[in-house]
């Protein structure tokens, strides 16, 4: 079945460490997105990519980095520059900006 | 900045009643809107969408209404069931040049009382 897979489901990071969250889709979608969700809040856009080898900053890109070397993959790195990284991270993909599909999320906790 | 917002943070209904969740949006040029359902610890699940050239769209037990005059969206759920308990988000795609990404509101929690 086609879908979008995020891993790991839970991730713990020590202060000062970089961590990478995985997002893979087999829907043949061109566009992929990363959102951050804090408790009781809506989703805020971190980065997005409309096509391979191209990506754009969203509303809260500081302290994050991404790459889009393959159509199927859009990993997100949370760097040590992100001062408050504890959150629920959601990846999504879409075809021609419609048909948005979300992954099941990664919950990142700083310990 | 422009945003999508919701009138009620929590809505409590009795099982079997109809539910109405409202959403106000501020960008009159947005051309696509989606309602999502999110259960605790899970990703958002697509419910129904509507384009700006429509004012109503129906799905299974759900109806979305779009009133462009007052920039208002609503999600109607018929015969609400306990499994409908979740947080509901509306999202829009604002027509920012070069950026086509969903902008989300803060959500409404629907609680279905048995």
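Chains as they are written, first to last, in my numbering: chain A, 1 to 111; chain B, 112 to 225. For every residue, glycine included, the Cβ atom is placed at its ideal position computed from N, Cα and C.
Practice item. Please name the residue, chosen from A/94, A/111, A/20 and A/92, that lies closest to residue 76 of chain A on a Cα-to-Cα basis. Key: A/20
Exercise for review: In the DSSP assignment, find the beta strand (DSSP E) that holds residue 182 of chain B and state where it starts and stops.
Suggested key: Run containing residue 182 of chain B: none; DSSP gives neither H nor E here.
Exercise for review: Take residue 44 of chain A and list the residues in its own chain whose beta-carbon comes closer than 7 Å to its own, dropping the five residues that flank it on each side.
Suggested key: 35, 36, 59 and 60
Review point. Between residue 167 of chain B and residue 146 of chain B, what straight-line distance do the alpha-carbon atoms span, to the nearest angstrom?
Key: 13 Å
Review point. If we count the other Cβ atoms within 10 Å of its Cβ and call it buried at 16 or more, is residue 32 of chain A buried or exposed?
Key: buried
Point to revise | Identity of the residue in B/160, B/221 and B/222 nearest residue 141 of chain B by Cα | key: B/160
**Study point:** Per-residue contacts from residue 145 of chain B into chain A (C-beta, under 7 Å)
**Key:** 100
Exercise for review: Examine chain B for any beta-carbon lying closer than 7 Å to the beta-carbon of residue 104 of chain A, and answer yes or no.
Suggested key: yes
Review point. Using a C-beta cutoff of 7 Å, does residue 116 of chain B count as contacting chain A?
Key: Unreliable placement is indicated for residue 116 of chain B, whose pLDDT of 45 sits below 50; no coordinate value is reported for it.
Practice item. Go ahead and label residue 106 of chain A buried or exposed: buried means 16 or more other beta carbons lie within 10 angstroms of its beta carbon, across all protein chains shown. Key: buried
Exercise for review: Check the C-beta distance from residue 122 of chain B over to residue 221 of chain B and give it rounded, since I have them as a contact under 8 Å.
Suggested key: 5 Å
Practice item. State the Cα-Cα distance for the pair residue 223 of chain B and residue 188 of chain B, rounded to the nearest angstrom. Key: 11 Å
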